[in-house]
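One structure is given below, encoded as structure tokens.
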Amino acid sequence: MKQLIEAIVKPIVDYPENVKVEKEENINRIVYKLSVHPEDMGKVIGKQGRVAKAIRTIVYSAAGSHQKKKTYVDILD
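Below, the structure is given as structure tokens:
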């Protein structure tokens, strides 16, 4: 899943080397924490959060089919 998030985000940012995804797993959920260069934050979030919502939709769809834990994507400042 980390690779999927990176594959989606790296082409849309100006600093792909600064894209980092960390996985945090609990008993009933998995949280992927995405961090990017501060100048790329607007590109990842998009107008009215549309890009962020699209990223989350793709990740949730991919995770929902074969994981029993709830999956979340957080975009860190």
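Heads up: take any position in the sequence shown, counting from 1, add 415, and you land on our numbering. Virtual Cβ for every residue (Gly too), placed ideally from N, Cα, C. Remember, predicted model here, so these are calculated numbers, not experimental data.
Neighbourhood of residue i by C-beta distance below 8 angstroms, restricted to the same chain and skipping five residues each side
i           : result
residue 419 : 473, 474 and 477
residue 421 : 434 and 436
Counted within 10 angstroms of its Cβ, other Cβ atoms place residue i as buried (16 or more) or exposed
i           : result
residue 491 : exposed
residue 447 : buried
Beta-carbon spacing of residue i, residue j below 8 angstroms
i           : j           : result
residue 436 : residue 428 : no
residue 438 : residue 425 : no
Contacts around residue i, its chain only, beta-carbon distance under 6 angstroms, and the 5 residues preceding and following it disregarded
i           : result
residue 423 : 470
Where the beta strand (DSSP E) containing residue i begins and where it ends
i           : result
residue 494 : Because residue 494 is not part of the residues shown, which for the chain are 416 to 492, the question remains open.
Alpha helix (DSSP H) segment containing residue i, residue limits
i           : result
residue 384 : Here the chain comprises residues numbered 416 to 492, so residue 384 is not present and cannot be evaluated.
Cβ-heavy atom distance, residue i to the ligand GTP, below 7 angstroms
i           : result
residue 483 : The model depicted lacks the ligand GTP and carries no ligand whatsoever.
Cβ-based neighbour list, residue i, same chain, cut-off 7 angstroms, excluding 5 preceding and 5 following
i           : result
residue 441 : none
* Asked: For the stretch 442-487, which segments carrying the beta strand (DSSP E) assignment without a break, of at least 3 residues, lie completely within its bounds, in sequence order?
  -> Here the runs fully enclosed are 444-450.
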